[in-house]
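Chemist: Straight run, no breaks: the sequence shown in the working numbering ends on number 699.
Yeah, the Cβ is synthetic: ideal placement off N, Cα and C, and Gly gets one too.
In this text, all values refer to a predicted model and were calculated from it rather than measured experimentally.
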Amino acid sequence: MRLQNRAMLPALLLPLLVAMLPAQPPQARIRIDTNRVIGEVHAHLFGNFAEHLGRCIYGGIFEEGSPLSDAEGYRKDVLEAVKPLGVSILRWPGGNFASGYNWMDGVGPRDQRPARPDHAWGALESNRFGTDEFLRYCERVGSEPYLCINGGLGSVDSARQWVEYCNETRPTYWANQRRKNGREKPWNVKVWGLGNEIDGPWQLGHKSAEDYAKFALQAAVAMRRQDDSIQLIASGSSNFRPSADWIGWNRTVLSHLKDEINYISLHTYIGNPDSNLEKYLAVSQDLDDRIAIVEGQIRAARNDQTRPHPIYIAFDEWNTWYRARSGTTEFEIAKTGLEEHYNFEDALATGMFLNSFIRHANIVKMANLAQLVNVIAPIFTNKQGMYLQTIYFPLREYGKQRGNSSLDAQVTGPSYRTGNRSPLGYLDVSSTYNAGEKAVYVNVLNRSEKLDISARVDNVAGTIGREAGVWEMNSPDLKAVNDFGSEKVKPAVRTTALAISDNGFTYLFPKHSLTILKLKIQ
Ligand code: AHR
């Protein structure tokens with residue numbers, strides 16, 4: 178081609194020059210405003226769960242006779258790993274196990290306690306770890322205890338007597354038994370679950386919604402007569418996708434129990450069976466939807482309360498669980514010990530769960546990772562020692578680096594779709610404000626497998642300081658796991674100078690990463 182006019186040269190070269198420039202990362206925007214508060218981030222969002230299942234209690238928390246245990250039988254190495262995890266509330270004894278458990282078998286001199294068949298998981302229960310061992314453990318690690326009654330095969334009166342054993346101050350029969358067993362002052366257990374997953378046909382003593390609601394109402398009234406300061410959690414729907422049954426169970430339970438309960442529970446386990454990271458990390462759409470649906474149901478039930486008081490969601494079982502899950506019955510599944518070996522992408526999923534809970538801090542006031550040790554757990558032991566799984570690190574950090582107010586961060590940016598769901602941003606964000614520290618925490622999961630994403634972070638109220646704390650989890654290998662003697666998947670921590678302009682800055686969130694930015698606000 179002959180150039181007619183030399184002036185055309187730059188115009189023709191421009192596209193070529195642009196193509197030669199290094200590609201710019203896609204742009205996103207995160208707007209923070211400390212006045213846009215969603216709700217109080219309750220400390221109980223950072224709770225956990227310990228069930229008599231596989232090696233969670235025996236061989237995990239508690240191993241009598243081990244050189245790694247103290248005189249009471251608690252594994253000291255595990256105890257030292259649990260403390261920094263900041264487990265604000267610990268649920269026990271199950272899970273499915275609770276539905277066949279008689280708490281009376283687990284108190285008194287250890288050598289005189291009866292061994293019983295555990296019909297939930299097909300095991301033999303020695304009962305050497307019982308109520309007092311659990312409650313002492315909670316004191317040692319600084320967790321609030323949460324006891325789940327036997328809402329399957331158990332009776333209303335047994336549940337009431339359990340409250341008496343733990344909380345009674347007068348010289349009654351069960352309070353005196355507690356004293357005989359070495360505990361003079363009451364344990365003062367405030368949080369009680371009215372059974373576990375009673376909607377599930379796998380549950381011992383599975384009931385229809387109406388039958389469960391009648392049982393739970395009687396249990397609630399009797400337990401409250403024993404101690405009217407306790408908080409009660411109803412067993413909500415436990416399967417994942419909201420179906421007619423799922424919605425119907427919650428509606429019935431809420432309509433019968435609305436005047437008695439403080440929470441309704443939800444459970445969710447997720448997985449990545451297709452090895453598709455972006456699809457795996459899109460589950461927050463389901464989580465967000467599910468929470469919103471139950472929030473609406475709670476609102477409807479509260480409209481009709483005769484004793485008006487708030488009801489919240491307790492997400493008291495959540496985690497990734499799909500590899501150690503083979504078999505069709507609970508007994509077959511139990512053979513896996515539910516011993517998941519978590520990889521790097523599961524640590525990202527942990528951030529996704531916590532982001533969703535923080536975004537719904539107005540209604541989700543408790544969340545318990547299932548479970549604490551060995552069984553789908555952040556801490557993994559053998560007889561010689563232990564290591565921290567990948568999911569340990571985000572759990573610990575989210576509990577530690579946070580404020581008490583969840584902020585409604587406004588996020589725009591590149592998105593993607595999975596299946597026929599609506600578009601979903603690659604950046605999954607939650608944010609909290611700590612007024613005492615004058616700090617805003619911005620928690621960002623970049624769920625893209627391929628794209629680094631550059632975000633302009635704008636602050637609306639207050640002035641951002643020129644330095645940020647950065648906590649980041651990333652790995653070139655999505656499938657990387659930790660093991661005994663090899664904790665290679667762990668966070669990087671640093672401070673970084675921010676190039677502030679107009680009270681904002683630009684930050685590059687690398688592909689498949691989880692970042693907590695700590696911003697000082699003057
Ligand atoms: O956490 C493992 C099991 O999962 C629990 O026992 C049960 O409640 C749920 O189905």
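What is the rounded straight-line gap between the Cα of Val541 and the Cα of Arg467?
Modeler: Your numbering for residue 541 matches position 364 in the sequence shown. Your numbering for residue 467 matches position 290 in the sequence shown. Whole-angstrom Cα-Cα distance: 11 Å.
Chemist: How about the stretch 437-450 and the stretch 406-413: do they share at least three Cβ pairs that are nearer than 8 Å?
Modeler: Yes, the stretch 437-450 touches the stretch 406-413.
Chemist: In this structure, does DSSP put Phe530 in helix, strand or coil?
Modeler: Position 353 of the sequence shown holds residue 530. Phe530: helix per DSSP, three-state reduction.
Chemist: Return yes when the C-beta of Leu546 is under 7 Å from any heavy atom of ligand 1, and no when it is not.
Modeler: To locate residue 546, count along the sequence shown from 1; it is residue 369. No, the Cβ of Leu546 stays beyond 7 Å of every heavy atom of ligand 1.
Chemist: With a CB to CB cut of under 7 Å and the five nearest residues on each side skipped, what residues in its chain are close to His229?
Modeler: What you label residue 229 is simply residue 52 of the sequence shown in a count that begins at 1. Answer for His229: Pro270, Gly271, Phe274, Asp295, Glu302, listed in chain order.
Chemist: Using alpha carbons as the reference points, say which of Gly263, Ala390, Cys343 lies closest to Ile438.
Modeler: Along the sequence shown, one-based indexing puts residue 438 at 261. Closest option to Ile438, Cα to Cα, is Ala390.
Chemist: Give me the Cα-Cα distance between Lys667 and Gly425, rounded to the nearest whole angstrom.
Modeler: Within the sequence shown, the letter at position 490 stands for residue 667. Within the sequence shown, the letter at position 248 stands for residue 425. Going by the C-alpha atoms only, they are around 42 Å apart.
Chemist: Considering only residues of the same chain and omitting the five flanking positions on each side of Ala586, which have a CB-CB separation below 6 Å?
Modeler: For the purposes of this step, residue 586 is taken as residue 409 along the sequence shown, with counting starting at 1. Hits under 6 Å: Ile207, Ile209, Val606, Ser608.
Chemist: List, from N- to C-terminal side, the beta strand (DSSP E) runs of 3 residues or more that fit wholly inside the stretch 351-435.
Modeler: As far as the stretch 351-435 is concerned, its whole beta strand (DSSP E) runs of at least 3 residues are 368-371, 408-411.
Chemist: Pull up the distance between the alpha-carbon of Trp339 and that of Trp648, whole angstroms please.
Modeler: As a first step, residue 339 is located in the sequence shown; it is residue number 162 there, counting from the start. As a first step, residue 648 is located in the sequence shown; it is residue number 471 there, counting from the start. Rounded to the nearest angstrom, the two C-alpha atoms are 43 Å apart.
Chemist: With the cut-off set at 8 Å, would you say Leu458 and Met563 are in Cβ contact?
Modeler: For the purposes of this step, residue 458 is identified with residue 281 of the sequence shown, where counting begins at 1. For the purposes of this step, residue 563 is identified with residue 386 of the sequence shown, where counting begins at 1. No, these two residues do not count as a Cβ contact at 8 Å.
Chemist: Indicate, with yes or no, if ligand 1 has a heavy atom lying under 7 Å from the CB of Glu228.
Modeler: In the sequence shown, counting from the first residue as 1, residue 228 sits at position 51. Glu228: yes, Cβ under 7 Å from ligand 1.
Chemist: For Gln587, write down the residues that DSSP places opposite it in a beta bridge.
Modeler: If you number the sequence shown from 1, residue 587 lands on position 410. Arg208.
Chemist: In the DSSP assignment, find the unbroken beta strand (DSSP E) run with Tyr519 in it and report its ends.
Modeler: Numbered from 1 along the sequence shown, position 342 holds the residue referred to as residue 519. No beta strand (DSSP E) contains Tyr519, which DSSP labels as neither H nor E.
Chemist: Beta-carbon within less than 6 Å of Arg179's beta-carbon, same chain only, minus the 5 sequence neighbours each way: which residues are those?
Modeler: Residue mapping note: residue 179 aligns to position 2 of the sequence shown, counting from 1. Unreliable positioning characterises Arg179 in this predicted model, as indicated by a pLDDT of 47, which lies under 50. The coordinate reading is nonetheless provided below. So no residue of the chain qualifies.
Chemist: Given a cut-off of 8 Å on the beta-carbon distance, is the pair Leu604 and Leu572 in contact?
Modeler: Taking the sequence shown and counting its residues from 1, one reaches residue 604 at position 427. Taking the sequence shown and counting its residues from 1, one reaches residue 572 at position 395. No.
Chemist: Using a Cβ-Cβ cut-off of 7 Å (strictly less than) and excluding sequence neighbours within five positions of Gln354, which residues of its own chain qualify?
Modeler: By 1-based counting over the sequence shown, the position of residue 354 is 177. Correct list, in chain order: Val284, Tyr342.
Chemist: Beta carbon of Ile553: closer than 7 Å to some heavy atom of ligand 1?
Modeler: By 1-based counting over the sequence shown, the position of residue 553 is 376. True, at least one ligand heavy atom lies under 7 Å from that Cβ.
Chemist: In three-state terms, what does DSSP make of Asp451?
Modeler: Residue 451 sits at position 274 when you count from the first residue of the sequence shown. Residue state, collapsed to three classes: coil.
Chemist: Any chance the stretch 635-650 sits against the stretch 222-238, with 3 or more Cβ pairs inside 8 Å?
Modeler: Because the criterion of three Cβ pairs below 8 Å is not met, the stretch 635-650 and the stretch 222-238 do not touch.
Chemist: Give a single yes or no on whether Asn559 has its beta carbon closer than 7 Å to a heavy atom of ligand 1.
Modeler: For the purposes of this step, residue 559 is identified with residue 382 of the sequence shown, where counting begins at 1. Checking every heavy atom of ligand 1 against the Cβ of Asn559, none is found closer than 7 Å.
Chemist: Does DSSP classify Ala292 as helix, strand or coil?
Modeler: Here residue 292 corresponds to residue number 115 of the sequence shown, with the count starting at 1. DSSP places Ala292 in coil when its eight states are reduced to three.
Chemist: Quick check on the burial criterion: 16 or more other C-beta atoms within 10 angstroms. Buried or exposed for Pro378?
Modeler: Start at 1 with the first residue of the sequence shown, and residue 378 comes out as number 201. It is exposed - the Cβ of Pro378 has fewer than 16 other Cβ atoms within 10 Å.
Chemist: Between Ile326 and Ile630, what straight-line distance do the alpha-carbon atoms span, to the nearest angstrom?
Modeler: On the sequence shown, residue 326 is found 149 positions in, with the first residue counted as 1. On the sequence shown, residue 630 is found 453 positions in, with the first residue counted as 1. Taking the straight line joining both Cα atoms gives about 47 Å.
Chemist: Please go through the same chain and pick out, in chain order, the residues whose beta-carbon is closer than 6 Å to the beta-carbon of Arg500, but skip the five residues on each side of it.
Modeler: Taking the first residue of the sequence shown as 1, we reach residue 500 at position 323. So the qualifying residues of the chain are Glu517.
Chemist: Compare the beta carbon distance of Gly331 and Ala393 with 8 Å and say whether it is the shorter of the two.
Modeler: Within the sequence shown, residue 331 is the residue found at index 154, counting from 1. Within the sequence shown, residue 393 is the residue found at index 216, counting from 1. Contact flag unset, no.
Chemist: How should Lys253 be labelled, buried or exposed, when 16 other C-beta atoms within 10 angstroms of its C-beta is the threshold for buried?
Modeler: Start at 1 with the first residue of the sequence shown, and residue 253 comes out as number 76. Per the 10 Å Cβ criterion, exposed.
Chemist: Among Met281, Leu694, Arg502, Val366, whose alpha-carbon lies nearest the alpha-carbon of Leu675?
Modeler: Translated into the one-based positions of the sequence shown, residue 675 becomes position 498. Residue Leu694 is the option with its Cα nearest to Leu675.
Chemist: Residues bridged to Cys325 by DSSP?
Modeler: Here residue 325 is taken as the residue at index 148 of the sequence shown, counted from 1. DSSP, once it has assigned bridges, lists Gly370 as partnering Cys325.
Chemist: Is any non-hydrogen atom of ligand 1 found closer than 7 Å to the C-beta of Leu515, if you look at the structure I gave you?
Modeler: What you label residue 515 is simply residue 338 of the sequence shown in a count that begins at 1. Yes, the beta carbon of Leu515 sits closer than 7 Å to at least one heavy atom of ligand 1.
Chemist: Between Glu494 and ligand 1, is the CB less than 7 Å from at least one heavy atom?
Modeler: One-based indexing of the sequence shown puts residue 494 at position 317. Answer for Glu494: yes, Cβ within range of ligand 1.
Chemist: Going by Cα to Cα distance, which pick from Ser420, Leu531, Ile698 is closest to Gly224?
Modeler: For this step, residue 224 is matched to residue 47 along the sequence shown. Closest option to Gly224, Cα to Cα, is Leu531.
Chemist: Would DSSP call Asp465 helix, strand or coil?
Modeler: Against the sequence shown, residue 465 aligns to sequence position 288. Helix at Asp465.
Chemist: Taking the beta strand (DSSP E) that Phe226 falls in, what are its first and last residues?
Modeler: The residue you call residue 226 lines up with position 49 of the sequence shown. Phe226 -> beta strand (DSSP E) spans 224-226.
Chemist: In terms of residue numbering, what span does the alpha helix (DSSP H) encompassing Lys577 cover?
Modeler: Residue mapping note: residue 577 aligns to position 400 of the sequence shown, counting from 1. Here the alpha helix (DSSP H) through Lys577 covers 569-577.
Chemist: State the beta-bridge partners of Tyr593 as determined by DSSP.
Modeler: Residue 593 sits at position 416 when you count from the first residue of the sequence shown. According to DSSP, Tyr593 bridges with Leu601.
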